[in-house]
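Structure record follows, encoded as structure tokens.
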Amino acid sequence: MASSQSEMESPDALEAVVRDRRSVHDYSDEDVSEETLREVFDLVRFTPSGYNLQPWEFLVLTTDENRETLQKCAGGQEHVTDAPVAIVVLGNTDPAAHADRVFDDWLDKGYLPDEETRDGLVENIEGWRDRSEAQNRVWTTRSTSLAAMTLMHAARSKGLSTCPMEGFDDEAVRDEFDISEGFEPVMLVTMGYPAEDAVDRENERKFRRPVDEIVHLDEFDA
């Protein structure tokens with residue numbers, strides 16, 4: 001299905017997606033089709049994660065009622081309801097939730113020499129359940145944040161704009177949407193087609209620290 005916004009098709013498409021992405025608060029009235037949403041999340045599936053354990057889940061809110069509820073959990077921020085889609089990015093704090101399927105796949109594809117090795121990996125990951133709650137929250141946040149960034153780049157490749165949000169009451173989100181214990185609300189992301197002039201490429205980009213300041217070759221010196 002062709003999007004109403006042109007998608008990136010040039011050889012430099014990836015660079016364009018990264019450089020042109022902006023955090024957008026102003027969205028048009030155009031809905032995002034279910035097909036486009038599926039296309040975006042089909043790309044999100046390819047996000048890397050430790051041991052390929054893929055701890056992420058996404059609560060995608062498209063109704064006015066649900067987005068109004070989320071807005072209350074996010075301090076009344078207007079773009080939660082201005083956007084046609086708001087997403088709660090969740091991380092599963094159970095490291096072994098998908099371990100059996102992941103390591104069965106490794107075995108089937110020849111990445112592992114035998115079932116004994118496969119079983120040892122499953123047992124190792126299941127042992128992570130004994131770590132502290134704080135350790136597993138950090139673990140899931142790391143991988144799930146990678147998926148959130150993939151989500152924003154995938155959306156941009158489909159002509160959509162997004163805005164990541166960390167300003168929200170995670171306990172209120174859990175309560176309002178009946179989120180099960182063991183799932184960490186990592187961030188919110190609003191998504192939609194940008195309002196006219198919401199992303200003006202003629203405007204100079206906001207300050208970004210230079211490469212020489214953020215890259216430390218072989219030795220760290222703050």
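Residue 60 in the UniProt record's numbering sits at position 60 of the sequence shown; the count goes up by one each step and never skips.
Quick reminder that beta carbons are idealized off the backbone N, C-alpha and C, glycines included.
#1: Do the CB positions of Thr93 and Gly182 come within less than 7 angstroms of each other?
#2: What is the residue span of the alpha helix (DSSP H) that Leu146 lies within?
#3: Would you call Tyr111 buried or exposed, if buried means 16 or more other Cβ atoms sit within 10 Å of its Cβ?
#4: Flag this pair as touching only if the region 211–222 and the region 127–142 have three or more C-beta atom pairs under 8 angstroms; answer yes or no.
#5: Can you grab the Cα-Cα spacing for the pair Met165 / Tyr27, in whole Å?
#6: Using CA coordinates, which residue listed in Ala147, Phe177, Lys109, Arg19 is at the minimum distance from Phe207?
#7: Can you tell me whether Gln135 is buried or exposed? The criterion is at least 16 other CB atoms within 10 Å of its CB, across all chains shown.
#8: Could you check if Phe46 is buried or exposed, using at least 16 other CB atoms within 10 Å of its CB as the buried criterion?
#9: Beta-carbon within less than 8 angstroms of Glu196's beta-carbon, same chain only, minus the 5 sequence neighbours each way: which residues are those?
#10: How about the region 60–76 and the region 90–109: do they share at least three Cβ pairs that are nearer than 8 angstroms?
#11: Below 7 angstroms between beta carbons: does that hold for Cys73 and Ala148?
#12: How would you write the range of the alpha helix (DSSP H) that Gly110 sits in, first residue to last?
#13: Taking buried to mean at least 16 other C-beta atoms within 10 Å of its own C-beta, is Glu34 buried or exposed?
#14: Just checking: is the beta-carbon of Ala198 within a distance shorter than 7 angstroms of some beta-carbon in chain B?
#15: Please report the distance separating the alpha-carbon of Asp169 from that of Gln54.
#16: DSSP on Gly192, reduced to helix/strand/coil?
#17: Helix, strand or coil for Met70? Go by DSSP, reduced to three states.
With the structure as the only source:
#1: Here the question's residue 93 lines up with position 93 in the sequence shown. Here the question's residue 182 lines up with position 182 in the sequence shown. Yes, these two residues count as a Cβ contact at 7 angstroms.
#2: Looking up residue 146 in the sequence shown gives position 146. It spans 133–157 - the alpha helix (DSSP H) in which Leu146 sits, taken as one unbroken run.
#3: Here residue 111 refers to the residue found at position 111 of the sequence shown. Looking at its Cβ environment, which holds fewer than 16 other Cβ atoms inside 10 Å, Tyr111 is exposed.
#4: no
#5: Counting from one through the sequence shown, the residue named residue 165 turns up at place 165. Counting from one through the sequence shown, the residue named residue 27 turns up at place 27. In a straight line, the C-alpha of Met165 is about 16 angstroms away from that of Tyr27.
#6: In the sequence shown, the residue the question calls residue 207 occupies position 207. Nearest option by C-alpha distance: Arg19.
#7: Here residue 135 refers to the residue found at position 135 when the sequence shown is read from its first residue. By the 10 Å Cβ count, Gln135 comes out exposed.
#8: Mapped onto the sequence shown, residue 46 falls at position 46. It is exposed - the Cβ of Phe46 has fewer than 16 other Cβ atoms within 10 Å.
#9: Taking the first residue of the sequence shown as position 1, residue 196 is located at position 196. Ser28, listed in sequence order.
#10: no
#11: On the sequence shown, position 73 is the one that residue 73 refers to. On the sequence shown, position 148 is the one that residue 148 refers to. No, they are not a contact pair.
#12: Taking the first residue of the sequence shown as 1, we reach residue 110 at position 110. Per DSSP, Gly110 belongs to no alpha helix (DSSP H) and is neither H nor E.
#13: By one-based count along the sequence shown, residue 34 stands at place 34. Exposed, since its Cβ has fewer than 16 Cβ neighbours within 10 Å.
#14: Protein chains in the displayed structure number just one, and chain B is not present.
#15: Locating residue 169 in the sequence shown gives position 169, where the first residue counts as 1. Locating residue 54 in the sequence shown gives position 54, where the first residue counts as 1. Approximately 24 angstroms, taken between the alpha carbons.
#16: Within the sequence shown, residue 192 is the residue found at index 192, counting from 1. Gly192: strand per DSSP, three-state reduction.
#17: Along the sequence shown, one-based indexing puts residue 70 at 70. Residue identity differs from the one stated: residue 70 is Leu in this sequence, not Met. Leu70: helix per DSSP, three-state reduction.
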